[in-house]
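Residue numbers (UniProt numbering): 1 to 694. From the three backbone atoms N, C-alpha and C, an ideal C-beta is built for every residue, glycine too.
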Amino acid sequence: MGRAVTVATCALNQWALDFEGNLERIFRSIDIAKSQGARYRLGPELEICGYGCSDHYYESDTLLHSFQVLAKLLESPATQDIICDVGMPVLHRNVRYNCRVIFLNKKILLIRPKISLANAGNYRELRWFTPWNKARHVEEYFLPRIIQEVTGQETVPFGDAVLATKDTCLGAEICEELWAPNSPHIEMGLDGVEIFANSSGSHHVLRKAHTRVDLVNSATAKNGGIYILANQKGCDGDRLYYDGCAMISMNGETVAQGSQFSLDDVEVLVATLDLEDVRSYRAEISSRNLAASKVDPYPRVKVNFALSCSDDVAVPTCMPIQWRHHSPEEEISLGPACWLWDYLRRSKQAGFLLPLSGGIDSSATACIVYSMCHQVCLAVKDGNADVLADARKIVNDDTYVPEDPREFCKRIFTTCYMASENSSQDTCNRAKLLAEQIGSYHINLNIDTAVKAIVGIFSVVTGRTPRFCVYGGSSRENLALQNVQARVRMVLAYLFAQLTLWTRGMPGGLLVLGSANVDESLRGYLTKYDCSSADINPIGGISKTDLKNFIQYCIENFQLTALRSIMSAPPTAELEPLVDGQVAQTDEADMGMTYAELSIYGKLRKIAKAGPYSMFCKLINMWKEICTPREVASKVKHFFRMYSVNRHKMTTLTPSYHAENYSPDDNRFDLRPFLYNTTWSWQFRCIDKQVNAL
1 MGRAVTVATC ALNQWALDFE GNLERIFRSI DIAKSQGARY RLGPELEICG YGCSDHYYES
61 DTLLHSFQVL AKLLESPATQ DIICDVGMPV LHRNVRYNCR VIFLNKKILL IRPKISLANA
121 GNYRELRWFT PWNKARHVEE YFLPRIIQEV TGQETVPFGD AVLATKDTCL GAEICEELWA
181 PNSPHIEMGL DGVEIFANSS GSHHVLRKAH TRVDLVNSAT AKNGGIYILA NQKGCDGDRL
241 YYDGCAMISM NGETVAQGSQ FSLDDVEVLV ATLDLEDVRS YRAEISSRNL AASKVDPYPR
301 VKVNFALSCS DDVAVPTCMP IQWRHHSPEE EISLGPACWL WDYLRRSKQA GFLLPLSGGI
361 DSSATACIVY SMCHQVCLAV KDGNADVLAD ARKIVNDDTY VPEDPREFCK RIFTTCYMAS
421 ENSSQDTCNR AKLLAEQIGS YHINLNIDTA VKAIVGIFSV VTGRTPRFCV YGGSSRENLA
481 LQNVQARVRM VLAYLFAQLT LWTRGMPGGL LVLGSANVDE SLRGYLTKYD CSSADINPIG
541 GISKTDLKNF IQYCIENFQL TALRSIMSAP PTAELEPLVD GQVAQTDEAD MGMTYAELSI
601 YGKLRKIAKA GPYSMFCKLI NMWKEICTPR EVASKVKHFF RMYSVNRHKM TTLTPSYHAE
661 NYSPDDNRFD LRPFLYNTTW SWQFRCIDKQ VNAL
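As structure tokens, this is what we get:
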């Protein structure tokens with residue numbers, strides 16, 4: 001009868017402009033799909049060139065090489081007898097579109113341009129592409145000669161159309177279109193489309209996965225149908241980690257789930273589903289059928305091919321499953337770890353160096369590296385040849401097999417405790433114990449000689465010697481002396497990153513890891529060009545609250561007992577003199593606000609789009625049980641003063657793993673001035689007026 005269709009979707013770890021590697025991964029996914037009986041294969045958005053090409057999309061080379069890869073796919077025997085759906089940029093009548101190219105047996109069936117472009121947060125698609133605004137309209141696209149020579153076609157359909165196979169009807173969505181309020185799948189479903197295929201480039205944010213899953217399932221819950229989602233995975237060259245989660249859903253229920261975090265470069269999901277289940281589901285929804293009778297039809301591209309077999313009565317079909325979501329602590333353990341692995345192997349460095357202070361932030365960063373080592377050992381144990389080959393290149397040993405995370409950590413991870421006269425023995429001991437438990441190569445050093453030399457130069461030139469406040473100095477002297485220590489640590493971190501392996505008779509250099517959390521960056525509680533200045537920062541998009549929960553997770557799951565004392569100690573920069581051998585300086589006292597308050601300020605400022613006055617209005621209700629309106633006003637004013645005074649630091653912020661939607665990353669996510677009128681006179685006057693009225 002032709003009821004059971006077998007379809008495949010995938011998550012591919014594509015890399016921007018890595019045309020050779022991208023092609024190889026596409027071929028592997030097609031081979032796996034065919035070997036499991038699939039008749040249709042869906043890939044991620046812009047998979048041929050990689051999603052993160054950014055301004056390289058302007059270059060004609062990117063278009064040329066994409067078509068060259070497409071020609072390789074078209075002419076290969078591997079793509080025969082399966083409908084292949086790939087993503088690439090296409091120039092049509094001198095306008096650049098983000099497209100899906102759907103082909104079968106050396107013939108292009110349809111080029112479908114993206115209708116709704118992602119242009120918020122980290123996405124800037126309108127900078128490079130134009131949306132297709134001609135609903136249900138198809139034009140002729142004149143193929144370049146390199147494609148004509150393979151397909152024998154001069155023109156192919158280009159536009160908003162659907163495919164009509166011998167047994168069903170298939171329609172395309174591209175990433176953002178699923179999230180749009182007027183998603184194409186709504187009207188496509190009313191017009192009889194039974195299979196919706198979405199190729200995505202959706203990145204990880206903490207606690208976001210359930211939203212994506214709910215959107216996919218709800219797409220077919222009201223209208224019936226089969227929904228297939230493909231997604232990019234991994235770090236393709238910037239701050240984002242694309243978190244896979246390829247999935248297949250039918251009639252509002254998940255039937256196949258891909259992994260969210262994995263070191264596998266190619267992951268393919270295949271499902272066999274009964275079209276009659278879609279038809280019977282739709283048959284009893286009278287409101288849907290009434291709307292369907294009035295819908296404007298889509299242009300249909302007829303395809304002389306079936307996604308099912310004629311004799312499929314005995315073919316088993318997939319049943320619904322329960323989606324398992326990771327906890328936020330698991331997400332922190334896995335997401336940044338996979339991102340670090342991609343960055344390490346693709347940068348061809350020999351490992352990481354981390355200034356380990358014995359505090360929560362640097363310890364959390366160390367735990368993420370340890371988690372990465374754990375994931376590498378698990379992948380090798382599971383037979384992942386790619387991960388094994390990469391590990392061998394990193395450690396420069398063709399026979400090496402990573403089996404123990406601690407042993408692997410010793411080879412690729414160096415931690416360094418940089419003491420000063422202001423450091424306590426407690427933090428030194430905590431850092432040393434944690435390094436022992438995760439297995440890192442640990443260095444203890446003292447920076448006092450360098451600090452005194454730099455301050456000595458200043459004294460020789462000026463005839464003045466700055467002092468800390470506790471010794472009678474001013475606040476300006478106090479801050480300058482703290483900053484010298486912090487910046488010396490950054491210089492030493494890079495020196496040791498370049499030469500530590502050399503001293504051990506090993507080749508290569510190390511990537512320096514930063515460990516400033518998202519709340520400290522928002523407040524500007526860091527020294528410009530100190531140890532927050534690094535090559536990359538795996539926790540720069542994670543809040544202090546989430547990091548504390550992650551530390552607890554590591555205690556329980558990795559048995560890192562050294563973290564218990566780190567958790568219980570108050571966060572401190574240890575840049576001011578000790579009092580009776582004990583730390584007197586604490587982060588929250590220095591900042592004039594708690595980390596919990598900072599998270600709230602950050603979410604209101606970025607996610608709720610609140611300026612000083614709006615933030616005050618929201619907080620007088622949120623905090624009415626604990627603060628008077630005047631106290632709320634004082635807190636809001638202090639936050640905005642500190643935020644605006646320090647905003648310039650965001651222009652040099654180390655590239656960080658994006659995990660929070662209130663990140664202050666100045667690169668492209670949170671675009672703000674960095675020279676403010678820090679008095680906020682008009683805004684604060686509005687607050688004062690409201691306080692007096694209350």
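Suppose the cutoff is 6 Å on Cβ atoms and the five residues either side in sequence are ignored; what does the same chain contact list for residue i look like?
| i | result |
| --- | --- |
| I447 | M418, S420, V488 |
| A118 | E125, E176 |
| M591 | R523, Y525 |
Could you give the distance in angstroms between the alpha-carbon of residue i and the alpha-carbon of residue j?
| i | j | result |
| --- | --- | --- |
| P336 | L694 | 46 Å |
| N422 | G508 | 33 Å |
| A135 | D160 | 6 Å |
| T654 | A364 | 17 Å |
| P673 | V645 | 11 Å |
| H442 | C416 | 6 Å |
| I32 | L73 | 15 Å |
| A589 | Q498 | 36 Å |
| R212 | M88 | 23 Å |
| W341 | L275 | 41 Å |
| A120 | L671 | 11 Å |
| H638 | H185 | 48 Å |
| T165 | W128 | 33 Å |
| M250 | K34 | 21 Å |
| residue 696 | Y40 | Not covered by the structure: residue 696. The range shown for the chain is 1 to 694. |
| G171 | S262 | 29 Å |
| N692 | F640 | 20 Å |
| P538 | S521 | 13 Å |
| Q585 | T651 | 27 Å |
| T62 | M642 | 43 Å |
| L354 | D546 | 20 Å |
| E556 | K548 | 13 Å |
| R476 | R464 | 13 Å |
DSSP puts residue i in a beta bridge; with which residues?
| i | result |
| --- | --- |
| H442 | T415 |
| M250 | I226, E253 |
| V266 | L12 |
| I102 | D85, L110 |
| R467 | Note: R467 sits in no beta bridge, so no partner. |
| N217 | Answer is none; N217 lacks a bridge partner. |
Would the beta-carbon of residue i fall within 8 Å of that of residue j?
| i | j | result |
| --- | --- | --- |
| I83 | I102 | yes |
| R239 | Y657 | yes |
| Q690 | L511 | no |
| F458 | E576 | no |
| L178 | C169 | no |
| L356 | A435 | yes |
| A197 | D277 | no |
| S29 | C49 | no |
| D382 | V295 | no |
| A391 | P402 | yes |
Leaving aside the five residues before and after residue i along the sequence, list all residues of the same chain whose C-beta is less than 8 Å from its C-beta, in chain order.
| i | result |
| --- | --- |
| S474 | none |
| S259 | A11, G244, C245, E267 |
| S76 | F27 |
| L143 | I108, T151, Q153, E154, T155, V156 |
| K618 | L604, A608, A610 |
| C367 | S333, I438, F550, I551, C554, F558, L560, L563 |
| F352 | L340, L344, V369, I412, F413, T414, L510, L511, V512, L513 |
| I146 | F67, Q68, A71 |
| S533 | M490, G514, T652, T654 |
Within a Cβ cutoff of 7 Å, which residues of the same chain sit near residue i, ignoring the five residues on either side of it in sequence?
| i | result |
| --- | --- |
| T9 | L42, I228, L229, A230, A246, I248, L269 |
| Q80 | N105 |
| P320 | E253, T254, V255 |
Is the region 11-18 close to the region 276-291, with three or more CB pairs under 8 Å? Between the region 11-18 and the region 276-291, the count of Cβ pairs shorter than 8 Å is below three; the stretches do not touch.
*asked:* Below 8 Å, how does it come out for the region 555-570 and the region 664-680: are there three or more Cβ pairs, yes or no?
replied: With the cut-off at 8 Å, the region 555-570 and the region 664-680 do not touch.
Requested in this report: Examine the Cβ distances between the region 502-510 and the region 538-546 and report whether three or more of them are shorter than 8 Å.
Outcome: Between the region 502-510 and the region 538-546, the count of Cβ pairs shorter than 8 Å is below three; the stretches do not touch.
When the Cβ atoms of the region 293-311 are set against those of the region 232-242, are three or more pairs found closer than 8 Å? Taking 8 Å as the limit for Cβ pairs, the verdict is that the region 232-242 does not touch the region 293-311.
*asked:* For the structure I just gave you, are there three or more beta carbon pairs, one from the region 600-607 and one from the region 382-402, closer than 8 Å?
replied: No, the region 600-607 is not in contact with the region 382-402.
Please determine if the region 197-214 and the region 306-313 are in contact, where contact requires at least 3 C-beta pairs separated by less than 8 Å.
-> Using a C-beta cut-off of 8 Å, the region 197-214 makes no contact with the region 306-313, since fewer than three inter-stretch Cβ pairs fall below that distance.
Do three or more CB pairs link the region 475-495 to the region 318-338 at distances below 8 Å? With a cut-off of 8 Å, the region 318-338 and the region 475-495 do not count as touching, because too few Cβ pairs lie within range.
- prompt: Do the region 284-293 and the region 399-416 meet, that is, are 3 or more Cβ pairs less than 8 Å apart?
  reply: Not touching, per the Cβ criterion.
request  = Report yes or no: do the region 250-258 and the region 217-228 share at least 3 C-beta pairs separated by less than 8 Å?
outcome  = Verdict: yes, contact present.
* Asked: Touching or not, the region 350-364 and the region 423-431, by the rule of three or more beta carbon pairs under 8 Å?
  -> Taking 8 Å as the limit for Cβ pairs, the verdict is that the region 423-431 does touch the region 350-364.
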